[in-house]
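Quick notes on the structure that follows.
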Amino acid sequence: MEKRVVTLAGKLSPLSSSSVFEVAIGVARVSVDASVTSAASSTNTPPPAAATYEYRIPRDVLSTGDVRASTLVLLNKLLLTSSVPVSASGKLAEIVNGENSDSDVAIDGIANALHPTLDVPLSVLVAVSAIVDHRSSALSLISDAVAALSCEALCADVSSFDLIDSGDGSTAKDDASVAASLRVFLNGSKNVGKGLLDPSIYDIPEVHGHFKEIGRLLHSRTRAQLNSAFRASSSGACKVLSTILFDHSVVLLRLGEISLQRGQLVLESGMASEELQRIFQSKAPSVVELHERFDSLLSGFTSRNYISFAHGVNCLLKMVEDIVSWEAMVAFFRLKGSDLIQETQGSVPLEDSNGKKVKKNKILLGKGTAALVQFLMDQIPNVATETNDTLWEGYINKFLLLWDPSNICYEILQNKVKEIVESNESRRLPKIPKGTRDFAKEQMAIREKAFSIVVDVFERHGATTLDTPVFELRETLMGKYGEDSKLIYDIADQGGELCSLRYDLTVPFARYVAMNGLTSFKRYQIAKVYRRDNPSKGRYREFYQCDFDIAGQFEKMGPDFEVIKVLTELLNELDIGDYEVKLNHRRLLDGMLAICGVPQEKFRTICSSIDKLDKQSFEQIKKEMVGEKGLSEETADKIGTFVKEKGSPLELLQKLKHEGSKFLENSESALALDELEILFKALEKSKCINKVVFDLSLARGLDYYTGVIFEAVFKGDVQVGSIAAGGRYDDLIGKFCKKQVPAVGISLGIERVFTIMEQLNKNKEIRANKTQVLVSVLGDDLTIASELVSELWDAKLNAEFLVNKRLTKHLDLAKESKVPWMVIVGERELAQGNVKLKDVRASKEYTVPRISLVEELCTRLKDTTSL
11 MEKRVVTLAG
21 KLSPLSSSSV
31 FEVAIGVARV
41 SVDASVTSAA
51 SSTNTPPPAA
61 ATYEYRIPRD
71 VLSTGDVRAS
81 TLVLLNKLLL
91 TSSVPVSASG
101 KLAEIVNGEN
111 SDSDVAIDGI
121 ANALHPTLDV
131 PLSVLVAVSA
141 IVDHRSSALS
151 LISDAVAALS
161 CEALCADVSS
171 FDLIDSGDGS
181 TAKDDASVAA
191 SLRVFLNGSK
201 NVGKGLLDPS
211 IYDIPEVHGH
221 FKEIGRLLHS
231 RTRAQLNSAF
241 RASSSGACKV
251 LSTILFDHSV
261 VLLRLGEISL
271 QRGQLVLESG
281 MASEELQRIF
291 QSKAPSVVEL
301 HERFDSLLSG
311 FTSRNYISFA
321 HGVNCLLKMV
331 EDIVSWEAMV
341 AFFRLKGSDL
351 IQETQGSVPL
361 EDSNGKKVKK
371 NKILLGKGTA
381 ALVQFLMDQI
391 PNVATETNDT
401 LWEGYINKFL
411 LLWDPSNICY
421 EILQNKVKEI
431 VESNESRRLP
441 KIPKGTRDFA
451 KEQMAIREKA
461 FSIVVDVFER
471 HGATTLDTPV
481 FELRETLMGK
491 YGEDSKLIYD
501 IADQGGELCS
511 LRYDLTVPFA
521 RYVAMNGLTS
531 FKRYQIAKVY
541 RRDNPSKGRY
551 REFYQCDFDI
561 AGQFEKMGPD
571 FEVIKVLTEL
581 LNELDIGDYE
591 VKLNHRRLLD
601 GMLAICGVPQ
611 EKFRTICSSI
621 DKLDKQSFEQ
631 IKKEMVGEKG
641 LSEETADKIG
651 TFVKEKGSPL
661 ELLQKLKHEG
671 SKFLENSESA
681 LALDELEILF
691 KALEKSKCIN
701 KVVFDLSLAR
711 GLDYYTGVIF
721 EAVFKGDVQV
731 GSIAAGGRYD
741 DLIGKFCKKQ
751 VPAVGISLGI
761 ERVFTIMEQL
771 NKNKEIRANK
781 TQVLVSVLGD
791 DLTIASELVS
801 ELWDAKLNAE
811 FLVNKRLTKH
821 LDLAKESKVP
831 WMVIVGEREL
841 AQGNVKLKDV
851 RASKEYTVPR
861 ISLVEELCTR
871 LKDTTSL
């Protein structure tokens, strides 16, 4: 086969890890672009006469392939350094191409005459890194497939693969990627399930994912070194590259350990032949040998003997490749070995060590593993081996040749694994993004009921509805949410504008009021918002908010009273159970912080800390305020004495307003207490103050609040946290225009309310549709059904139809849909000009004239309460 040509031309032809590997194994040859060497020759500056060179590429340590690869890297670096004459480049190319038998001496002689900064250890390290990079990339792909085969052979418990999420970090994404690949291979398998659960199984995504992560880093650093010139000092490059290689080796060690463990488990699970066990134990690498190999490279790393270290890494990789191939072999023969041997022996039944016939495996493998097993079944007979091998030795040798990275069969195997993954990914069950959810018909029934209640309350208070875009200009949203701004979802630039998904409905409302020059507006909006948050129970990345806001100049504390009254009406009518509304005032908080000695520029960030008191202890908050935000312990302790105050609104208010109170000495807190007194008396008269708790620890982390702030907390068994919140934001609209328009609003966290309602209704029968009548035609005549159901639709009745000869089909549909009435039409009814009305709940039937059907149904439905 004609060799591929790798042309070295510096930056014009970047050198890749795959090219280095192909040259090393002799399937590619090097050609040096003459124009590059000519240019280099014309600009060469002779090195100092005293320049000597002490390094050689030691063939007693490195293999012939490693020597070729190292010489290739050295030659390429010299070309990039513009320091190689035509004659020297030709000699180095001869060595790379295997045309000079005394390569170490030749390289040493050429090196002395070339460049004073020449660094052979770096060339060796980079070359070996390139080989490791190329082979590890293949191993990463192959090892996932082999692990899937072992899971099949062990009937393993693979449920943990479904629990792995992509998270936000690269490591989590790599773990999730491996888990996804395993699911592709095992999709449809009846063999895996709730069987063996072992660390070598559930650690696969973590170990293989880490291997992928380190592999990417190794690839990027190796590529950079392959295409960079020699510098005055390369010790730094050697350290960086060797550190990455060492980390890579640590993961390789772990990869080999769990692969060996799975192979051993497969052997112990029952094999068709003791000979196979004997061959595995005698020829497969052991854990002891694996650790000895790692210890060997460790000594080279610690002593900074980079050539010895590189050699050790390469040897470790080769051993792990062998281990994975042995794991593949035992898993394959555990699954299909008996079939293969029986085919070879002319279908003679295979016997185990006790002389009993081994039954042919009848197992349903996953779509991916089945395709891989069949590929191996097809390939093994085509691999040539020694004719004097025993039956098992012959098949084992044939099998292992498929997994040799220097063999063309290995590339074919890689391509097959890629094909399996890509073809089966389209058949994988899809999943929704983290932090989002689908809603079934019963859940939607609960949601629609809740939304109707919310809209009724909002409109009862005179609010009109508004809708705004799901995304806003990024500049509109930034700087409005304090520390929570980091949770804003940004959208890639499409057309010159930087946009973000809306974080809430309040800032878009403020933008709308400012844009349209409004000075008074009472509005409600029900829409989805988006937060790049860490999802948990009742906490999502996409969720609905139900907002009610009043903007404009009104009587003092009038709008504040109304939005809190709206909140209590909402929660009462949604009938979710016990709750309380915690309430505070931002100016009271500011006064409290000033009294405690907090600098004004730290008010907002300290408020963010205080706002976490519902989830963390004060000691944790104190640690954050002192350690991270620079408060003194004395100041933090003063804050602690105040934020513990909570209780009945009017009682705590009087306590804070007692004669000599420090709150009255501060203008901000004194004003806040006066406003709260007006508010609390209004709430008392409206008979909803019993749901309000005055709580000095409530801070609300959003920056735009300026006055009253409040938060509703559910007190039932379902743990969902706050279910509604809001407050006054007098300055927010003014950020978008010159005129300040004061505003106050509330936002109902309807998703958390849904969670509570679903829990409360989990044992109740929920009707998902509003169908009143099912038209049941017993036969196959669609025209009869279309005529009858159209009359019902024209009469504005909710109706469905079914045409089927079997009455049970009609009754089952009516029962499943919880339809209260059925119109049953058969041949007898048609002949008599009648139809049957069936009260499904009461299980009673009535015969009515066909011509009176609509009138009769309308009358009867008036007396029927539809769920």
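Take the sequence shown: its position 768, counted from the start at 1, is 778 in this note's numbering, and no numbers get skipped.
All C-beta atoms in this analysis are idealised placements derived from N, C-alpha and C, irrespective of residue type, glycine included.
Range of the contiguous beta strand (DSSP E) that encloses residue i
i: D557; result: E552 to A561
i: V134; result: No beta strand (DSSP E) holds V134; the alpha helix (DSSP H) holding it covers V130 to A163.
i: D849; result: N844 to D849
i: K532; result: F531 to Y540
i: S18; result: The sequence given here places Leu at residue 18; Ser does not occur at that position. It spans R14 to L18 - the beta strand (DSSP E) in which L18 sits, taken as one unbroken run.
i: V8; result: In the structure as shown, the chain starts at 11 and stops at 877, and residue 8 therefore has no counterpart that could be examined.
i: E469; result: Note, E469: premise wrong, no beta strand (DSSP E); alpha helix (DSSP H) at K451 to R470.
Cβ-Cβ separation, residue j to residue i (assumed contact under 8 Å), whole Å
i: A809; j: V783; result: 4 Å
i: L82; j: V33; result: 5 Å
i: V835; j: S786; result: 7 Å
i: R521; j: F240; result: With a Cβ gap of about 58 Å, R521 and F240 do not count as contacting.
i: V77; j: S41; result: Not really, about 19 Å apart at Cβ, beyond 8 Å.
i: L326; j: S259; result: 6 Å
i: I456; j: M767; result: 5 Å
i: I719; j: G731; result: 16 Å between Cβ atoms; not a contact.
i: I224; j: D257; result: 5 Å
C-beta atoms of residue i and residue j nearer than 7 Å
i: S210; j: R272; result: yes
i: F221; j: R193; result: no
i: I605; j: K672; result: yes
i: V728; j: Q769; result: yes
i: A734; j: C617; result: no
i: I776; j: V523; result: no
i: I333; j: L286; result: no
i: A682; j: Y589; result: no
i: S294; j: V156; result: One point to set straight first is that residue 294 is Ala, not Ser, in the sequence displayed. No, Cβ-Cβ distance for A294 and V156 is not below 7 Å.
i: S335; j: L410; result: yes
i: G601; j: S679; result: yes
i: S23; j: H144; result: no
i: D713; j: R614; result: yes
i: T486; j: E552; result: no
i: K532; j: A460; result: no
i: L25; j: N86; result: yes
Selection from the options that minimises the alpha carbon distance to residue i
i: A824; options: R838, L847, E837 and D741; result: L847
i: N544; options: D494, E797 and E299; result: D494
i: S80; options: P479, Q235 and A186; result: Q235
i: G505; options: L483, M488 and R512; result: L483
i: E560; options: S510, L25, P215 and K575; result: Note on residue identity: the sequence assigns Ile, not Glu, to residue 560. Nearest option by C-alpha distance: K575.
i: D167; options: I214, L151, S147 and H144; result: I214
i: R344; options: E629, C161, P569 and V136; result: C161
i: I760; options: I631, G310, I536 and A320; result: I536
i: L263; options: A692, E331 and K346; result: E331
i: S862; options: K819, L821, R816 and L798; result: L798
i: S133; options: Q389, R233, L476 and T645; result: R233
i: V427; options: L149, S313 and S296; result: L149
i: V261; options: F290, L300, Q291 and G246; result: L300
Limits of the unbroken alpha helix (DSSP H) element including residue i
i: Y212; result: P209 to Y212
i: S29; result: S27 to A34
i: M832; result: Note, M832: premise wrong, no alpha helix (DSSP H); beta strand (DSSP E) at W831 to V835.
i: K377; result: K377 to Q389
i: G246; result: S245 to E278
i: V576; result: G568 to L584
i: F311; result: V297 to T312
i: G75; result: T74 to T91
i: I766; result: I760 to L770
- Mind listing, in chain order, the continuous beta strand (DSSP E) runs of no fewer than 3 residues lying wholly within the segment 593-666? none
- Item | Length at least 4, wholly inside the segment 479-528: the alpha helix (DSSP H) runs in chain order | 484-487 and 516-525
- Task: Could you tell me which uninterrupted alpha helix (DSSP H) segments, each at least 4 residues in length, are contained entirely in the segment 776-806, listed from first to last along the chain?
- Result: 792-804
- Hey, which unbroken runs of the alpha helix (DSSP H) at 4 residues or more fall wholly within the segment 695-728? none
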